[in-house]
Amino acid sequence: MPTNGEIAGTSSGREIVNCRVAAIEKAGGTFPKIARELAAIAFSDIADYVTVAEGGKVQAIPSNGIPKKKRKAIKKIREKRRILNTPGDKGDVILDQATEYELYDKLDALKYLCRLRGDEVQKVQHDGNITVKVVNFADGNNDPS
849 MPTNGEIAGT
859 SSGREIVNCR
869 VAAIEKAGGT
879 FPKIARELAA
889 IAFSDIADYV
899 TVAEGGKVQA
909 IPSNGIPKKK
919 RKAIKKIREK
929 RRILNTPGDK
939 GDVILDQATE
949 YELYDKLDAL
959 KYLCRLRGDE
969 VQKVQHDGNI
979 TVKVVNFADG
989 NNDPS
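So the sequence shown is numbered by the numbering used here: it starts at 849 and just counts up by one.
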């Protein structure tokens, strides 16, 4: 299937691109909404997701304590528990419990935002030849020409 860049040069290509954009917008993917989603990731701050105690212990903030706008930057939530099975009526005892958040990549989001703004750095390719002349100064000839 051709990419947008390959089909955009033809009149039918423009129609295909316009059709795709219309379908994305109909599904709610408007430019401002996409930009807000990317900005939530690009400008996320780890302090919105964890607390650090004086002793250096890191603890995840419960997800219901994180504002919805900030939760958009969370890619994955993982909960780890270490449980001790105890005999009798006491039931299982949770020895250790930890919640981990994995956030989306900030640099990728910043790159996409730059592309949306049209600020993407263009790749420049330099072609040419370099001529190198080796000069031997040991023979007493100090003239490099």
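Even for Gly, the Cβ is constructed at its ideal location relative to N, Cα and C.
- Query: Ordered along the chain, which non-local residues of its own chain (more than five positions away) have a Cβ less than 8 Å from that of E927?
  - Reply: Taking the first residue of the sequence shown as position 1, residue 927 is located at position 79. Result list for E927: Q945, A946, T947, E948, in chain order.
- Query: Can you give, in chain order, each stretch of the alpha helix (DSSP H) that sits fully within the region 883-949 and has at least 4 residues?
  - Reply: Correct list: 916-919.
- Query: Out of curiosity, what's the CA-to-CA distance linking R929 and V941?
  - Reply: For the purposes of this step, residue 929 is identified with residue 81 of the sequence shown, where counting begins at 1. For the purposes of this step, residue 941 is identified with residue 93 of the sequence shown, where counting begins at 1. Looking at the backbone, the Cα of R929 and that of V941 are separated by about 10 Å.
- Taking the C-alpha atoms as reference points, what is the distance between K917 and I894? Translated into positions along the sequence shown, residue 917 becomes position 69. Translated into positions along the sequence shown, residue 894 becomes position 46. Roughly 14 Å separates the two Cα atoms.
- Report buried or exposed for L886, applying the criterion of at least 16 other Cβ atoms within 10 angstroms of its Cβ. As a working mapping, residue 886 is identified with position 38 in the sequence shown. With 16 or more other Cβ atoms from the protein chains shown falling within 10 Å of its own Cβ, L886 counts as buried.
- Query: In whole angstroms, what separates the C-alpha of R965 from that of N912?
  - Reply: Position 117 of the sequence shown, counted from the first residue, corresponds to residue 965. Position 64 of the sequence shown, counted from the first residue, corresponds to residue 912. In a straight line, the C-alpha of R965 is about 33 Å away from that of N912.
- In the DSSP assignment, what are the bridge partners of L951? If you number the sequence shown from 1, residue 951 lands on position 103. Under DSSP, L951 shares a beta bridge with I922.
- Item | Beta-carbon proximity of A908 to Y897, cut-off 8 Å | Taking the first residue of the sequence shown as 1, we reach residue 908 at position 60. Taking the first residue of the sequence shown as 1, we reach residue 897 at position 49. Pairing A908 with Y897 gives a Cβ-Cβ distance under 8 Å.
- Please go through the same chain and pick out, in chain order, the residues whose beta-carbon is closer than 6 Å to the beta-carbon of M849, but skip the five residues on each side of it. Locating residue 849 in the sequence shown gives position 1, counting from the first residue. Bear in mind that a pLDDT of 47 at M849, under 50, signals an unreliable position, so the model cannot answer this.
- Query: Can A901 and Y952 be called in contact, C-beta distance under 8 Å?
  - Reply: Numbered from 1 along the sequence shown, position 53 holds the residue referred to as residue 901. Numbered from 1 along the sequence shown, position 104 holds the residue referred to as residue 952. No, Cβ-Cβ distance for A901 and Y952 is not below 8 Å.
- Query: Helix, strand or coil for V869 per DSSP?
  - Reply: Position 21 of the sequence shown, counted from the first residue, corresponds to residue 869. Correct three-state label for V869: helix.
- Message: As a quick exercise: from K923, D967, E968, pick the residue whose alpha carbon is nearest that of K954.
- Response: Working through the sequence shown from its first residue, we reach residue 954 at position 106. Comparing Cα-Cα distances from K954 to each of K923, D967, E968, the minimum goes to K923.
- Message: Measuring straight from C-alpha to C-alpha, what distance separates P915 and G877?
- Response: The residue you call residue 915 lines up with position 67 of the sequence shown. The residue you call residue 877 lines up with position 29 of the sequence shown. The alpha-carbon atoms of P915 and G877 are separated by roughly 22 Å.
- Secondary structure of N977, DSSP reduced to three states: Mapped onto the sequence shown, residue 977 falls at position 129. Under the three-state reduction of DSSP output, N977 falls in the coil class, being neither helix nor strand.
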